[in-house]
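*Asks:* Chains as they are written, first to last, in numbering that gives the first Met the number 0: chain D, 0 to 652; chain F, 0 to 203. Glycine included, every Cβ here is placed at the ideal spot set by N, Cα and C.
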Amino acid sequence: MNTTNQVMDFFDHQERAKANSRRFTILYIIAVVLICAAVALVAGLVAWFVSDVPPSSKLDLVIVVSLITAVFTALTIVSGSVYRISELRGGGSSVAMSLGGRLIDPSSRDPKERQLLNVIEEMAIASGVPVPPVFLMPNEHGINAFAAGYAPGDAVIGVTQGCINALTRDELQGVMAHEFSHILNGDMRLNIRMIGLLNGILIITIVGQLLLQAAPRSARGKNGIWILVLMLVIAFAMLIIGSIGALSARIIQAKISRQREFLADASAVQFTRNPNGIANALRRIGGHARRASIKHPRTQEAGHMFFGEALRVTSMLRSTLASHPPLKERIIRIDPSWDGTMLESLIADEKIAPLSNQEKLKSVIPDLGMGQSALLMPMLALSGNMTPAHIKHARSLIVSIPQELRDAAHDIYSGSAVVYALLLDRKDAGIHQAQIDHLNHHADPAIAAMVEVLSSIASTMSPELRLPLLDMTLGSLAHLSENQHREFRANVKALIKIDNSVDLFEWVTLGVLTRHLDERFGQSKPQVTQYYALGKLTNEISVLLSALAHAGATDEYAAGESVLLGEDSLKSLLRGARINLLPMEQSNLHALDTALRTLAQCATKIKRDLLKACALVVAADHEITTNEAELLRAVADILGVPTPPLLPGQKLL
Amino acid sequence: MGIWITLGILTFLVVVVLLFVVGIYNKLVTLKNRYLNAFAQIEVQLKRRHDLIPSLVETVKGYMAHEQETLEAVINARNLAASALKDATQDASNPETMKSLANAEGALGGAMGGLFAVMEAYPDLKADKSMSALQEELTSTENKIAFSRQAFNDSIAKYNTHRQSFPQVIVAPVVGHGTDAAFLEFEDSAQIQAAPKIDITGNQ
Numbered sequence: 000m001n002t003t004n005q006v007m008d009f010f011d012h013q014e015r016a017k018a019n020s021r022r023f024t025i026l027y028i029i030a031v032v033l034i035c036a037a038v039a040l041v042a043g044l045v046a047w048f049v050s051d052v053p054p055s056s057k058l059d060l061v062i063v064v065s066l067i068t069a070v071f072t073a074l075t076i077v078s079g080s081v082y083r084i085s086e087l088r089g090g091g092s093s094v095a096m097s098l099g100g101r102l103i104d105p106s107s108r109d110p111k112e113r114q115l116l117n118v119i120e121e122m123a124i125a126s127g128v129p130v131p132p133v134f135l136m137p138n139e140h141g142i143n144a145f146a147a148g149y150a151p152g153d154a155v156i157g158v159t160q161g162c163i164n165a166l167t168r169d170e171l172q173g174v175m176a177h178e179f180s181h182i183l184n185g186d187m188r189l190n191i192r193m194i195g196l197l198n199g200i201l202i203i204t205i206v207g208q209l210l211l212q213a214a215p216r217s218a219r220g221k222n223g224i225w226i227l228v229l230m231l232v233i234a235f236a237m238l239i240i241g242s243i244g245a246l247s248a249r250i251i252q253a254k255i256s257r258q259r260e261f262l263a264d265a266s267a268v269q270f271t272r273n274p275n276g277i278a279n280a281l282r283r284i285g286g287h288a289r290r291a292s293i294k295h296p297r298t299q300e301a302g303h304m305f306f307g308e309a310l311r312v313t314s315m316l317r318s319t320l321a322s323h324p325p326l327k328e329r330i331i332r333i334d335p336s337w338d339g340t341m342l343e344s345l346i347a348d349e350k351i352a353p354l355s356n357q358e359k360l361k362s363v364i365p366d367l368g369m370g371q372s373a374l375l376m377p378m379l380a381l382s383g384n385m386t387p388a389h390i391k392h393a394r395s396l397i398v399s400i401p402q403e404l405r406d407a408a409h410d411i412y413s414g415s416a417v418v419y420a421l422l423l424d425r426k427d428a429g430i431h432q433a434q435i436d437h438l439n440h441h442a443d444p445a446i447a448a449m450v451e452v453l454s455s456i457a458s459t460m461s462p463e464l465r466l467p468l469l470d471m472t473l474g475s476l477a478h479l480s481e482n483q484h485r486e487f488r489a490n491v492k493a494l495i496k497i498d499n500s501v502d503l504f505e506w507v508t509l510g511v512l513t514r515h516l517d518e519r520f521g522q523s524k525p526q527v528t529q530y531y532a533l534g535k536l537t538n539e540i541s542v543l544l545s546a547l548a549h550a551g552a553t554d555e556y557a558a559g560e561s562v563l564l565g566e567d568s569l570k571s572l573l574r575g576a577r578i579n580l581l582p583m584e585q586s587n588l589h590a591l592d593t594a595l596r597t598l599a600q601c602a603t604k605i606k607r608d609l610l611k612a613c614a615l616v617v618a619a620d621h622e623i624t625t626n627e628a629e630l631l632r633a634v635a636d637i638l639g640v641p642t643p644p645l646l647p648g649q650k651l652l
Numbered sequence: 000m001g002i003w004i005t006l007g008i009l010t011f012l013v014v015v016v017l018l019f020v021v022g023i024y025n026k027l028v029t030l031k032n033r034y035l036n037a038f039a040q041i042e043v044q045l046k047r048r049h050d051l052i053p054s055l056v057e058t059v060k061g062y063m064a065h066e067q068e069t070l071e072a073v074i075n076a077r078n079l080a081a082s083a084l085k086d087a088t089q090d091a092s093n094p095e096t097m098k099s100l101a102n103a104e105g106a107l108g109g110a111m112g113g114l115f116a117v118m119e120a121y122p123d124l125k126a127d128k129s130m131s132a133l134q135e136e137l138t139s140t141e142n143k144i145a146f147s148r149q150a151f152n153d154s155i156a157k158y159n160t161h162r163q164s165f166p167q168v169i170v171a172p173v174v175g176h177g178t179d180a181a182f183l184e185f186e187d188s189a190q191i192q193a194a195p196k197i198d199i200t201g202n203q
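And the structure:
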């Protein structure tokens, strides 16, 4: 169907989002220059006609006036944009709350809410991003959903009451796959950019309005009438110039937004390999009395974040200003044989069919089986695409985690207990006791009591489930208060430090928590790209590839072979520089940590190639161990690239 | 020419002040939303507790027919607390409703304490399987209430401190954030777990 989209992966889509973002920025700069020039021109003309200075110095006056006006206009626009962008970067939760969203309790027992949470959890684990908090807009009865946030780590998902009431599980899955593709394709960042830049241009019209209101009051004194005329002329000029600027910016924004919607629809089909899910969801919007409408007043500026057209657009401007392509066109692109009918919405109390899609999936994807290899969740990015196999795999992983642990992980209260339990030492009784003692003193006593029970359940679970379980808890941990979060993180650090050494899982845990919770609690600094080539980074790459090689290989020779494979795949980027297998002590976790922090500053495209090299090193012996899987996951997390896991049997490259 | 510079500077200043005020307002709204959301977490747990109490009373009834008064006190306190919760949910930023919720929950805690104290005299009841399951569920709900209440109070503290600091303190009353939000404090679950001598009527 969408052959071009099938070939492209997340990295390409992210690149394209960035390219769009750049294009928009360039157009924005042109627009700002034009607006400034226009406003300056008007001011200059007014100065020419009204000033009473001698003709000899008239030109000088006009130039000075125009320049000052231009500078102030530019300052106003840019500060308006910067301000709005910095505000929106504050995180997805504040956006969701400002739209009237209420957080859904991760341990909710409401069947509809539970179904939604399950669908999202499967999707998150399948795509390698932490489970996002979910917000419900209880007063909205149109069928709609959105994803908000600046980076995948602080993303949230919002859904309307109408959405969870009116859709079946398959349809819901289709809608969520659409939202996840926005998250993974880097669309949210692009959206925030566009909203912010647009806001700056709108400021000009706001200033125009203010001037218009202020003009009559300032028209006093002997020059009163002149000042009034001046202000009115400038006010109108700003209004008109600003409106034209804003309108053209909106048209470009809407055009980009529509492209990204088609892309997200196509990706949703690709993730779920079930065109009916998303097509039927769209058909239900068509058959729903309220369609996808959102009543909340702040929808105006957030309209293009939604799944369906949230605002009613007047017919004249529909084709140029709509943030979404027409419903019919979207359905036809997904299902070319569509007969043009829409669907009635589900009756609210209709029985929820659990996992009805599983049978259908079976015919498309070969069964993965439940052997040791199928349970492994090795991160990586050979394809950079989430497929139905990933979702099915995620579901099978979730089901294999003991129920008690899953319940505890979903609960805001006991989420931290699950992490503590995973960190308890089960071999050395002394250390174990010291850890328990620490928790008794520094954690909520009831949580401390829970930890021992959970830890003994976790010890029966196969080790490759630890990482997905950790991912699950991230969703609930995001809801701790700042103080509770600080206490939790301090306890985690203390539990890890008690034995004076950091083992692999502990390191992975620290990496995952730092990456995702710091983003959520606003403690991380934005990542700045510093490296566009690998020439200077050979030492860091050597550490990275050696660490991975040692984790999997049985002897020095095999490790060397694996590193060679990785080096080979990076050949074009290295330009003749060599990667060496370092001895274990030079590629231990400490060295790896330092190296990754440097590598995290590489451009996205380079990170993709790095991850590919990592995957080749890990897969060199055709066997992926839990250690390798966890290591890869942490590497991807620290590099800041969410990537669907590599599945057993998946074709390499 | 002077007038142009003045006009330009004025316009710019107006824009800066406007952005500044809007910024303060937005931050206040965000913080308020955050504590309202934290309240939603408590609401879930309190509701859970209110739902558990009738089944607890039902179970207990069979064993202690002579303690009608205690049971009624529990049911009454539960109903009062449930309606106080409903009011508080309507407007979690109102200190009044928050206070009456705190009082009602305190009274419920007291009544439950009374019930548990009386139960000590019925060893059969303590051995009842469904009873111990209910009690376990109730205790864990209590813990969760305490935990989410802590998170709620944290976010209230953050909102209040932010609101009271300069320069927000000047802008806040103008944009409708003139009063502090109320903390939620009630007589803690310690009473229920320890079950000491408690006034049966539940009045503090």
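Taking the C-alpha atoms as reference points, what is the distance between serine 256 (chain D) and leucine 229 (chain D)?
*Replies:* 40 angstroms
*Asks:* If you measure beta-carbon to beta-carbon, which residues of the region 244-255 of chain D are closer than 9 angstroms to chain F?
*Replies:* none
*Asks:* When the Cα atoms are used, what is the spatial distance from glutamate 539 (chain D) to threonine 597 (chain D)?
*Replies:* Taken atom to atom, the span from the alpha-carbon of glutamate 539 (chain D) to that of threonine 597 (chain D) is near 8 angstroms.
*Asks:* Apart from the five residues on each side of it in sequence, which residues of its chain come closer than 6 angstroms, Cβ to Cβ, to leucine 595 (chain D)?
*Replies:* For leucine 595 (chain D), where only same-chain residues beyond five positions count, the Cβ hits under 6 angstroms are Ile637.
*Asks:* Can you name the residues of chain D whose CB is closer than 7 angstroms to the CB of lysine 143 (chain F)?
*Replies:* Tyr412
*Asks:* Counting pairs of Cβ atoms below 8 angstroms between the region 236-252 of chain D and the region 51-69 of chain D, do you hit three or more?
*Replies:* no
*Asks:* Give every residue of the same chain whose Cβ lies closer than 7 angstroms to the Cβ of arginine 394 (chain D), excluding the five residues on either side of it in the sequence, and list them in chain order.
*Replies:* The answer, listed in chain order, is Glu121.
*Asks:* Can you give the Cα-Cα distance for valine 15 (chain F) and glycine 7 (chain F), rounded to whole angstroms?
*Replies:* Between valine 15 (chain F) and glycine 7 (chain F), the C-alpha separation is close to 12 angstroms.
*Asks:* Could you tell me whether any Cβ in chain F is nearer than 8 angstroms to the Cβ of threonine 656 (chain D)?
*Replies:* With chain D covering only 0 through 652, there is no way to say anything about residue 656 (chain D).
*Asks:* Among residues of its own chain, excluding the 5 on either side of alanine 291 (chain D), which ones have a beta-carbon nearer than 8 angstroms to its beta-carbon?
*Replies:* Gly141, Ile142, Asn143, Ile284, Phe305, Phe306, Gly307, Glu308, Ala309
*Asks:* Can the beta-carbon of alanine 633 (chain D) be found closer than 8 angstroms to that of valine 511 (chain D)?
*Replies:* A contact, by the Cβ cut-off of 8 angstroms.
*Asks:* Ordered along the chain, which non-local residues of its own chain (more than five positions away) have a Cβ less than 8 angstroms from that of arginine 329 (chain D)?
*Replies:* Glu260, Phe261, Asp264, Leu281, His323
*Asks:* For a test of your reading of the model: does the CB of leucine 197 (chain D) fall under 7 angstroms from any non-hydrogen atom of the ligand NAD? Yes or no.
*Replies:* Judged by which ligands are present, the structure shown has none, so any question about the ligand NAD falls away.
*Asks:* In chain D, which residues lie with their C-beta within 7 angstroms of the C-beta of isoleucine 4 (chain F)?
*Replies:* Ile67
*Asks:* Rounded to whole angstroms, what is the Cα-Cα separation between aspartate 186 (chain D) and threonine 24 (chain D)?
*Replies:* 15 angstroms
*Asks:* DSSP state of threonine 508 (chain D), grouped into three classes?
*Replies:* helix
*Asks:* Name the residue from D:Ile194, D:Ala628, D:Gln258 whose alpha carbon lies nearest to the alpha carbon of glutamate 463 (chain D).
*Replies:* D:Ala628
*Asks:* Can you say whether valine 94 (chain D) is buried or exposed, counting buried as having 16 or more other CB atoms within 10 angstroms of its CB?
*Replies:* So valine 94 (chain D) ends up on the buried side.
*Asks:* Does the beta carbon of leucine 479 (chain D) sit closer than 8 angstroms to a beta carbon anywhere in chain F?
*Replies:* yes
*Asks:* Alpha carbon to alpha carbon, how far is glutamate 95 (chain F) from glycine 109 (chain F)?
*Replies:* In a straight line, the C-alpha of glutamate 95 (chain F) is about 21 angstroms away from that of glycine 109 (chain F).
*Asks:* Identify whether arginine 329 (chain D) lies in helix, strand or coil by the three-state DSSP scheme.
*Replies:* helix
*Asks:* Within the 8 angstroms Cβ cut-off, does valine 173 (chain F) reach chain D?
*Replies:* no
*Asks:* So is phenylalanine 185 (chain F) buried or exposed if we call it buried at 16+ other beta carbons inside 10 Å?
*Replies:* Phenylalanine 185 (chain F) should be labelled buried.
*Asks:* State the DSSP-derived secondary structure class of arginine 425 (chain D), mapped to helix, strand or coil.
*Replies:* coil
*Asks:* Measuring alpha carbon to alpha carbon, tell me which residue in D:Gln434, D:Ser454, D:Ala448, D:Ser461 is nearest valine 398 (chain D).
*Replies:* D:Ser461
*Asks:* Who does alanine 146 (chain D) pair with in a DSSP beta bridge?
*Replies:* D:Ile156
*Asks:* Please state whether DSSP places phenylalanine 165 (chain F) in a helix, a strand or coil.
*Replies:* coil
*Asks:* Please go through the same chain and pick out, in chain order, the residues whose beta-carbon is closer than 6 angstroms to the beta-carbon of arginine 47 (chain F), but skip the five residues on each side of it.
*Replies:* Thr140
*Asks:* Just mark valine 43 (chain F) as buried or exposed, buried being the case when its beta carbon has 16 or more other beta carbons within 10 Å.
*Replies:* buried
*Asks:* Given that a residue counts as buried once 16 or more other Cβ atoms are within 10 Å of its Cβ, and exposed if not, what is aspartate 153 (chain D)?
*Replies:* Using a 10 angstroms sphere on the CB of aspartate 153 (chain D), the tally of other CB atoms reaches 16 or more, which defines it as buried.
*Asks:* Is it right to say asparagine 499 (chain D) is buried, meaning 16 or more other beta carbons lie within 10 angstroms of its own, or is it exposed?
*Replies:* exposed
*Asks:* Suppose you measure from the CA of threonine 88 (chain F) to the CA of asparagine 138 (chain D); what does that come to, to the nearest Å?
*Replies:* 15 angstroms
*Asks:* Starting from methionine 111 (chain F), follow the beta strand (DSSP E) in both directions and report where the run begins and ends.
*Replies:* Not the beta strand (DSSP E): methionine 111 (chain F) falls in the alpha helix (DSSP H), residues 94-118.
*Asks:* Count the other CB atoms, across all protein chains shown, that sit within 10 Å of the CB of valine 459 (chain D); report buried if there are 16 or more and exposed otherwise.
*Replies:* In the sequence as presented, valine is not what sits at residue 459 (chain D); that position holds threonine. Threonine 459 (chain D) is exposed by the Cβ-count criterion.
*Asks:* Is it the case that the region 404-415 of chain D contacts the region 133-147 of chain F, given that we only count it when at least three CB pairs across the two stretches are under 8 angstroms?
*Replies:* Short answer: they touch.
*Asks:* Note the first and the last residue of the continuous beta strand (DSSP E) segment covering methionine 122 (chain D).
*Replies:* From DSSP, methionine 122 (chain D) is part of no beta strand (DSSP E) but of the alpha helix (DSSP H) over 110-126.
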